[in-house]
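J.: Residue numbers (our numbering), protein chains in the order written: chain A, -15 to 337; chain B, -15 to 337; chain C, -15 to 337; chain D, -15 to 337; chain E, -15 to 337.
Take a look at the following structure, please.
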Amino acid sequence: MSESLSYASEKSGLPPGSLVHVGEVHKHEHKITVIDYDKSTLTNRTIKNIEELLPYQSTDTITWVIIDGLQDVSIIDAIGQHFDIHALVLEDILNTHQRPKFEEFDDYLYIVIKALSLADEFNVEYEQVSLLLLDKFVFTFKEKPDAIFDPIFSRLNNDKSHLRNLGTDYLTYIIMDTIVDEYFTLQDTFDELIESVEDELLSDPSAQTLNTIQKIKRELIFLRRSVSPMRELLASIQRSESQLLNEKTKRYFGDIYDHVIRVTEAMESYRDLIAGMLDIYLSSVSNKMNETMKVLTVFASIFIPLTFIAGVYGMNFEYMPELKWRWGYPALWAVFIGVSVFLLRFFKKKNWL
Amino acid sequence: MSESLSYASEKSGLPPGSLVHVGEVHKHEHKITVIDYDKSTLTNRTIKNIEELLPYQSTDTITWVIIDGLQDVSIIDAIGQHFDIHALVLEDILNTHQRPKFEEFDDYLYIVIKALSLADEFNVEYEQVSLLLLDKFVFTFKEKPDAIFDPIFSRLNNDKSHLRNLGTDYLTYIIMDTIVDEYFTLQDTFDELIESVEDELLSDPSAQTLNTIQKIKRELIFLRRSVSPMRELLASIQRSESQLLNEKTKRYFGDIYDHVIRVTEAMESYRDLIAGMLDIYLSSVSNKMNETMKVLTVFASIFIPLTFIAGVYGMNFEYMPELKWRWGYPALWAVFIGVSVFLLRFFKKKNWL
Amino acid sequence: MSESLSYASEKSGLPPGSLVHVGEVHKHEHKITVIDYDKSTLTNRTIKNIEELLPYQSTDTITWVIIDGLQDVSIIDAIGQHFDIHALVLEDILNTHQRPKFEEFDDYLYIVIKALSLADEFNVEYEQVSLLLLDKFVFTFKEKPDAIFDPIFSRLNNDKSHLRNLGTDYLTYIIMDTIVDEYFTLQDTFDELIESVEDELLSDPSAQTLNTIQKIKRELIFLRRSVSPMRELLASIQRSESQLLNEKTKRYFGDIYDHVIRVTEAMESYRDLIAGMLDIYLSSVSNKMNETMKVLTVFASIFIPLTFIAGVYGMNFEYMPELKWRWGYPALWAVFIGVSVFLLRFFKKKNWL
Amino acid sequence: MSESLSYASEKSGLPPGSLVHVGEVHKHEHKITVIDYDKSTLTNRTIKNIEELLPYQSTDTITWVIIDGLQDVSIIDAIGQHFDIHALVLEDILNTHQRPKFEEFDDYLYIVIKALSLADEFNVEYEQVSLLLLDKFVFTFKEKPDAIFDPIFSRLNNDKSHLRNLGTDYLTYIIMDTIVDEYFTLQDTFDELIESVEDELLSDPSAQTLNTIQKIKRELIFLRRSVSPMRELLASIQRSESQLLNEKTKRYFGDIYDHVIRVTEAMESYRDLIAGMLDIYLSSVSNKMNETMKVLTVFASIFIPLTFIAGVYGMNFEYMPELKWRWGYPALWAVFIGVSVFLLRFFKKKNWL
Amino acid sequence: MSESLSYASEKSGLPPGSLVHVGEVHKHEHKITVIDYDKSTLTNRTIKNIEELLPYQSTDTITWVIIDGLQDVSIIDAIGQHFDIHALVLEDILNTHQRPKFEEFDDYLYIVIKALSLADEFNVEYEQVSLLLLDKFVFTFKEKPDAIFDPIFSRLNNDKSHLRNLGTDYLTYIIMDTIVDEYFTLQDTFDELIESVEDELLSDPSAQTLNTIQKIKRELIFLRRSVSPMRELLASIQRSESQLLNEKTKRYFGDIYDHVIRVTEAMESYRDLIAGMLDIYLSSVSNKMNETMKVLTVFASIFIPLTFIAGVYGMNFEYMPELKWRWGYPALWAVFIGVSVFLLRFFKKKNWL
């Protein structure tokens, strides 16, 4: 089911700031993972209760909290209270219909992006990932447990990694980079899909081909809504003057910006390519109809005159001298063949055969 | 009746500042409701006369005045005089063909937005809601009495509500948020409509389908005119430096801004989806015609040659040896069947059967 | 005749600043009307000679000079000399192919706008109105005498009117407002036209319908050229820092700006609606062709096989046992009817009947 | 031959600053004309050698040097050395594939524009005109000798002309104005062409009409490339703070700016008109095909059933009672006529006749 | 294989800053050429090891290092360490899916552009060229050894060349200019291709023509992605305030900027031309179908009535007086001929013959 079909209006009528989970409900248990690290230490554990995070507030280590699953509103509420997060931000975290955005607050930054993956050939799956970047904390809120952060975990385990030496802004960068890298996988899939449809169009276009084209187009329309706000988002991050973002780390965000532009431009190209494919499809339908017409015309135009001639000599007039001629019948066959040959040549010259 | 069909020129020729109600006339009585509240008190009453409002000018409470129905020009005129509102603003309040806009004055802010609801499947109903935001007063002018403010009333009744503690700017935010939330309901209806038309297109497209597509397209065109100026409106509010707007409340308006962008983007997607649906429809018409052509061609191409052969042996030549042959007639049937089988195979190979 | 067809190049080759009337020549006598007023007095007379204006230069009243007809270049020339107007401005006043624009000079402002009216159903008539706004004078230059300023005259006669108390900038505002108000009349006409064409498209589209659509489209193209520069024009007036424009009056120009935007947006909608109407028309042509095809196919496919069978029993073979059978002929009719019924059912199932 | 077909790459591989003439070679002799003037004197002569210009450098008169023909690279080279012109400017003067542009240097301004004229009905001829504006010199470089500057010459001869009293910036304005005025002639030709094609479309559209539409479209595409950069060019001149441009003269450039915008907008309209004409053409092709189909259907649908009936009574069954009936044959004619009349009425009702 | 089909996602999952070669692998040996020059000396040699470059760091000469082939990651790594290049830059050099961009660092500038060449008729070959511009060093990284820099080598050999006297910024300009000059060759090829397709469209359009149009369109889509970011790139260079760029050299970059705009505009024109060609193609398909229809209609409409008449006189009624008439048969031929002539005239009048 494409994103647009879940209900955007679920929450309408509720007071602003009401914490209600809006969006597709995933039937997984929610899970809270805490990764705490600095240059020398790394701990990784699962907690049940936000209060367990409080001791970390007084340490100098970086604490990354991953919340998988948004059904339990009380967790979000607790985070809001303990870390002093604005009610509207909490509300946005719970509503998975957000468009990607970046919001600056005095003590924290709020980022929403979409993790994209391919469910099956034409269906892109969207997962909203919200990030809260604090001085010593990073919170990530995901709709469901999955493996998209695994590469980051393995990098963290390596204590020589750049990541272990830098702050929460660099961790945020790594998380966003990992998510945006997945966009390229999607881009490759579309490249292949489009190429295979182009082949089909040239060899044997059918109504099915049109259907595929339309489905790709549809997915691209929704995809654009998730990807194109990323440009603005990343530009805002680079322009931001928040103290939470190190000047050097901003260059890294510039790298993601480049990636997003490349993906966006690729999607623009797909749109143009698809428009071209539709033109080919429509003209192939016309060509086929023309082909049908030619077959009919050739058959009808050859046999209708012959049938007329046969009809003439089937008439019962008393005085029809040809009928008595000794060579009338064979002569008529000569006429039949002559007319046919003449017409066949005529159609040949018109390139209809 | 769509908005564009009421007469935009009704007032042309009148001097500017003339107070005349321009727009669809609703046959309801006009009604003035006054809600006066602060942290501890809340009164709600109906008044007949603007002069009854004057005592509230000297209190510290927030007074929300809701005018339902714009037929009685004298009410607007009275408000203008007692609260010192610019003549052009009064004129705009009475003319329901305004586009959404935000205007700043020294002592008050003027906002026009459109409340949208769905009359029936394809007809969006537009109601112009004008807001005057003063220091201790909020005026809302609506075209007719309806229930769109009911959720706000019930929230006001709760004396622990955020709303009871904050100023007229927050009340204005709540009113606008309530109206914009309804846009999502509309968006959901369009989502469903478009999905059902897409299904119809794939299963059994008819001229009726095209009609539906066209109606959706039409509604979207008018809808865009009401929704897209909201972006600019909300951006202006956020940029505004008026003392009537609290810095903290502006972030709330940013939340409505996000909602409006989401609705706008959804409508852009619908436009693209509908363009794609038209392409499918047109190609389905071509495909159907091709189908018809093939049936004709197969029938004609098989029977026309056979008829010719039958015609030949219906001729009355004296010397037609085949006619005397003992097995002539059965042999001819063999020819008939042979020709048919050959042609059927030919068409089969062409994938026409 | 549409504006674009009069010759844009008439003046090419002449030195800049040459005063030559370029544009459609109206066969009316030119006429100069002078209206002089202040709070207490109002005189209205017709003069023959620009020199008659000189006495007004030393009074404190506001003098509005209306020149109807641009054939007499000497008048423009005289105004230029007595009121010190730039040669290029005089040249522009005489050339009625200007696009709407606003130019600021130290002692005066120059405004060109187009008065639009409807000659007949599809033909919009364009009249260029040039305005010179001086400290105590307003000059309006029109191509021909007509009634577009009548509402202003009657308002001036009312000595309690706002207009009588304010300066030349307010008079300029009133003139422009009166002209722009007429755009709404045009908008209403287009609304009706488009609705009637839409009805025609659904009931009985013909080549004539396409023609009408095309004519509307054509008029819209030219209309846009006259209306859309008005946005920029009015934005420039509002941004202007000229001492000739009172800060309070600028808000009134903001009102015209809103009107122009509404008209422009309506015209954008028309463009989209018309694109949709073309799609419907084209698909209706295809549908009609399909209808024709189906009739042909049904007739041909039913009778061609029957004719073949009749042809078979018209053959003259000596040994055709069926011909001797007592019930051969009625049996054959049974076959005829059976085949027809079968095929009719087949086509019924295909929804072709 | 349209501009785009001469070779853009002729110079690739050469070092930058190499003086090589790139573009269509005109087989005319090059010619250098020098016009030297001030308020009281005017001399006009032809020189062979750039060194002859050196004496003018020490006078106070304005010297206008017109170079017709760019084949002799040494002339350009000499100008570059004696007047200290940047190598890249010299290179650009020689390359006639430039797009219109304006470049500011300390001691001179460099302007490239395109002079347009109509070779024959559909072929616009492009001539690149480069201008160097110095303190007391104006150089114009043209591809070939022609008459485009004749109106300027005759104006210079008039010693009361404005032109004789003002500086090199005003001369530059006059040159550009003269060239841009020619654009209006072109615009008029396009107006006429488009109107005649529109008439043809309504009366008798043919494949030839489509061809004409396509040619106009093609020319417009190339035209746009020459005209639209002029907007930016003239805006830059107006924004320029060069001491070579008098503040008063800049207003004159504003006048050319207006002209260019009018031409550009006209060309945008043509594009829209042509899109509309294509739609009409395509629908006329469909309508014609439908017409053909109807004729075929009417003929076939009337005679095929009749032929079947005739076939029935041509069968040779022994027991066919109708054949013996005295009024069988006339009765059958009644049937024939009855069926025809019925079908004709049927088609009449369908509006096919 | 078009650029978009190599895998954009090859690196996803790796930590940022990982040096991995991403892109098409060229099977050439990598090669490092070092050209060291100043006004008086020029040496040119091939090295195997980046350490061999270190002595040049202490000289005043300009050192141009050309790396052909990116397979050996250790080379890039060594350059990064010895010349202190940011890890993300090294990563970008190795990833050949970059879009053209310009990045400023304190001690060096990083530029990525695409060298384009034509592999065969429709296939553009893309080579990514990365440039590092340091104070005394220029590094160019190419995907494979080829001849694109040959014109620069020969110019360097000339010790009077401008190039020998100027800094690394001018060398960078020369390199970029050489690459962009090749774009014009490409432009010329497209000009020719499009002209030949236009001829084919007018003389004998076939499905093959459509294919060619589509291929050109496809190439243009990809081309645009490589060329259009160049505008921004060159504008950024001109705006840059880096000390590595001499103010005078920036004007030269302005020249490349002009070239890029010309190429970009040419490509925009091609897009419009191609859209026009598609319209012609589609209408030619419709016209052909109409042609086929007319042939069928003429044949069928003439012979079907005649066949009916022949059928009538083939009936076996006992009382058919015409059959006994002496001149019945010849009279019928007269009817046959009469009907044919009448119908031929009818179709002639309809312009179908």
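All C-beta atoms in this analysis are idealised placements derived from N, C-alpha and C, irrespective of residue type, glycine included.
For clarity, every value in this text was computed on a predicted model and none was experimentally measured.
Whose C-beta lies closer than 8 Å to the C-beta of Val14 (chain C) among residues of the same chain, with five residues either side of it excluded?
T.: According to the sequence shown, residue 14 (chain C) is His rather than Val. The answer, listed in chain order, is Ile51, Asp52, Gly53, Leu54, Gln55, Asp56, Ile59.
J.: Under the three-state reduction of DSSP, which class applies to Asn107 (chain B): helix, strand or coil?
T.: strand
J.: Please confirm whether Lys201 (chain E) has its beta-carbon closer than 9 Å to some beta-carbon of chain A.
T.: yes
J.: Among A:Glu203, A:Val244, A:Leu140, which residue has its Cα nearest to the Cα of Ser24 (chain A)?
T.: A:Leu140
J.: Looking only at DSSP bridge pairs, what is Leu116 (chain E) linked to?
T.: E:Tyr94, E:Phe123
J.: Spatial neighbours of Gln171 (chain C) within its chain, please: CB distance less than 7 Å, with the 5 preceding and 5 following residues excluded, ordered by chain position.
T.: Non-local beta-carbon contacts of Gln171 (chain C) in its own chain, meaning distances under 7 Å to residues more than five positions away in sequence, involve Val247, Ala250 in chain order.
J.: Compare the beta carbon distance of Ile77 (chain E) and Phe125 (chain E) with 9 Å and say whether it is the shorter of the two.
T.: yes
J.: Does the beta carbon of Thr260 (chain B) sit closer than 9 Å to a beta carbon anywhere in chain C?
T.: Note that residue 260 (chain B) is Gly in the sequence shown, not Thr. No, its Cβ sits nowhere closer than 9 Å to a Cβ of chain C.
J.: May I have the straight-line CA-CA distance separating Leu266 (chain B) from Ser267 (chain C), to the nearest angstrom?
T.: The alpha-carbon atoms of Leu266 (chain B) and Ser267 (chain C) are separated by roughly 6 Å.
J.: Quick check on His243 (chain A): buried or exposed, where buried means 16 or more other Cβ atoms within 10 Å of its Cβ?
T.: buried
J.: Rounded to whole angstroms, what is the Cα-Cα separation between Glu(-13) (chain E) and Leu185 (chain A)?
T.: The pLDDT assigned to Glu(-13) (chain E) is 42, lower than 50, so where the model puts this residue is not dependable; a value taken from the coordinates is nonetheless given after this. One C-alpha to the other measures close to 21 Å.
J.: Extract the residue ranges of the beta strand (DSSP E) inside the region 270 to 318 of chain E, only unbroken runs of 3 or more that lie entirely within it.
T.: Entirely contained in the region 270 to 318 of chain E, not one beta strand (DSSP E) run reaches 3 residues.
J.: Does the Cβ of Pro289 (chain E) have 16 or more other Cβ atoms within 10 Å, making it buried, or fewer, making it exposed?
T.: buried
J.: So is Arg336 (chain D) in contact with chain C if we call contact Cβ pairs under 9 Å?
T.: For the sequence presented, residue 336 (chain D) should be read as Trp rather than Arg. Yes - at least one Cβ of chain C is within 9 Å of the one on Trp336 (chain D).
J.: The region 278 to 290 of chain C: which residues have C-beta closer than 7 Å to a C-beta of chain B, in chain order?
T.: Within the region 278 to 290 of chain C, the qualifying residues are Lys278, Leu280, Thr281, Ala284, Ser285, Ile288, Pro289.
J.: Under 9 Å between the Cβ atoms of Asp239 (chain B) and Arg148 (chain B)?
T.: no
J.: For Asp242 (chain E), which of helix, strand or coil comes out of DSSP?
T.: In the structure shown, Asp242 (chain E) sits in a helix (DSSP, three-state: H, G or I).
J.: By the criterion of Cβ-Cβ separation under 9 Å, what are the contact partners of Asp242 (chain E) in chain D?
T.: Counting only Cβ-Cβ distances below 9 Å, Asp242 (chain E) has contacts in chain D at Asp76, Gln82, Arg83, Lys85, in chain order.
J.: Taking 8 Å as the cut-off, does the region 144 to 161 of chain C touch the region 187 to 202 of chain C (at least 3 CB pairs, one atom from each stretch)?
T.: No, they do not touch.
J.: Compute the beta-carbon to beta-carbon distance between Thr291 (chain D) and Thr281 (chain C), rounded to the nearest angstrom, for a pair I have assumed lies under 8 Å.
T.: Between Thr281 (chain C) and Thr291 (chain D) the Cβ distance is about 17 Å, and since that is not below 8 Å, they are no contact.
J.: Quickly, what does DSSP pair Glu87 (chain E) with across the bridge? List them, please.
T.: DSSP, once it has assigned bridges, lists E:Tyr94 as partnering Glu87 (chain E).
J.: Using the Cα positions of Ala259 (chain E) and Ser224 (chain D), report the straight-line distance between them to the nearest angstrom.
T.: 39 Å
J.: Whose Cβ in chain A lies nearer than 8 Å to the Cβ of Lys308 (chain E)?
T.: Glu302
J.: Taking Asn28 (chain C) as part of the beta strand (DSSP E), name the residues at either end of that continuous run.
T.: Counting along the chain, the beta strand (DSSP E) containing Asn28 (chain C) begins and ends at 26 to 31.
J.: Got a sec: is the Cβ-Cβ distance from Val296 (chain E) to anything in chain D below 9 Å?
T.: yes
J.: Measure from the C-beta of Val269 (chain E) to each C-beta in chain A and report whether the shortest distance is under 9 Å.
T.: Closer than 9 Å: yes.
J.: Roughly how many angstroms separate the alpha carbons of Leu38 (chain E) and Arg29 (chain E), rounded to a whole number?
T.: Each residue's alpha carbon lies about 14 Å from the other.
J.: Contact criterion: CB-CB distance below 9 Å. Does Glu(-13) (chain C) meet it with respect to chain B?
T.: For Glu(-13) (chain C), the predicted structure reports a pLDDT of 43, less than 50, and the residue's modelled location is therefore unreliable. A value from the coordinates is still provided. Chain B, which has no Cβ nearer than 9 Å to the Cβ of Glu(-13) (chain C), makes this no.
J.: Does the distance from the CB of Ile63 (chain A) to the CB of Phe123 (chain A) come in under 9 Å?
T.: yes
J.: Quick check: the Cα distance between Ser212 (chain B) and Leu93 (chain E), rounded to an integer number of angstroms?
T.: 42 Å
J.: How many Å lie between Leu217 (chain A) and Ser145 (chain E) at the Cα?
T.: 48 Å
J.: If you measure from the beta carbon of Tyr313 (chain D) to each beta carbon in chain E, is any gap under 9 Å?
T.: Contacts with chain E at 9 Å (Cβ-Cβ) include Tyr313 (chain D).
J.: Please classify Asp68 (chain D): does DSSP put it in a helix, a strand, or coil?
T.: coil
J.: What's the C-alpha gap between Tyr241 (chain E) and Phe86 (chain B)?
T.: Distance between the alpha carbons of Tyr241 (chain E) and Phe86 (chain B) is about 42 Å.
J.: Would the beta-carbon of Leu140 (chain B) be found less than 8 Å away from any heavy atom of the ligand GDP?
T.: Absent from the structure shown: the ligand GDP. Ligands present: none.
J.: Who are the neighbours of Leu257 (chain B) on chain A, taking C-beta pairs under 8 Å?
T.: Arg202, Ile205
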